[in-house]
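Residue numbers (my numbering): 547 to 619.
Just below is one structure, and these are the notes that go with it.
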């Protein structure tokens with residue numbers, strides 16, 4: 547399984563290929579479809595990272611008060 551950065555790099559390469567005027571329309575559409583799927587996957591993965599950061603940053607304080615505040619990422 548590829549890491550986030552690797553997937554993002556692949557998405558950037560797809561965008562470069564789509565912008566290439568020598569790429570046939572059918573191939574450009576296939577690249578676009580692949581890019582849309584990859585983009586959605588990256589967005590979901592990023593949202594998961596944000597949730598983890600929010601959870602970790604809202605752990606109860608060590609002073610024993612037991613109250614954690616929710617703050618947006």
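All C-beta atoms in this analysis are idealised placements derived from N, C-alpha and C, irrespective of residue type, glycine included.
Assignment of residue 567 by DSSP, reduced to helix, strand and coil, places it in the coil class. The shortest CA-to-CA distance from residue 581 to any of 550, 572 and 558 is the one to 558.
For residue 548, the secondary structure class from DSSP, reduced to helix, strand or coil, is coil.
In this structure, DSSP gives residue 604 a state outside helix and strand, which the three-state scheme calls coil. By the C-beta criterion, the stretch 560-572 is judged not to be in contact with the stretch 589-608, since fewer than 3 inter-stretch pairs fall below 8 Å.
In terms of Cα proximity to residue 577, the closest of 588, 590, 589 and 556 is 556.
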